[in-house]
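Worksheet: one structure, shown below.
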Amino acid sequence: VAIGSGGPYAYAAAMAYLEAAKSFEEKLVGLSIPGDGSTAPGVEFLGAADIARKSLQIAAGICIYTNDKIMVEEI
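By the working numbering, the letter at position 9 of the sequence shown is numbered 1503, and the numbering carries on one by one without gaps.
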């Protein structure tokens, strides 16, 4: 969901993050990753809140009407 003047920018950024994450996961399939639930060294996965935050930061850098003071609330 993207609402407001910067909504399309935030939506586009979120879609780019999700596509990059999917591509990254596909590349990791061939690598041996520990079975204890940890990730390989240097590998960082973004959660939904992180993707939303980063997307809004990108939108704020593009759209003059989008504020860069971001508060993400999780339920």
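Here a beta-carbon is modelled for each residue, glycine too, at the ideal position from N, C-alpha and C. From a predicted model like this one, the values you see are computed outputs, not experimental measurements.
Supposed close pair residue i, residue j - CB separation, criterion 8 Å
i            : j            : result
residue 1507 : residue 1548 : 7 Å
residue 1540 : residue 1510 : So it is not a contact: roughly 12 Å between Cβ atoms.
CB contact flag (residue i, residue j, <9 Å)
i            : j            : result
residue 1542 : residue 1504 : no
residue 1545 : residue 1512 : yes
residue 1517 : residue 1560 : no
Residue i classed as buried or exposed, judged by whether at least 16 other C-beta atoms fall within 10 angstroms
i            : result
residue 1497 : exposed
Boundaries (first-last residue) of the alpha helix (DSSP H) holding residue i
i            : result
residue 1548 : 1542-1556
Reduced DSSP category for residue i - H, G, I as helix; E, B as strand; rest coil
i            : result
residue 1565 : coil
residue 1559 : coil
residue 1539 : coil
residue 1500 : coil
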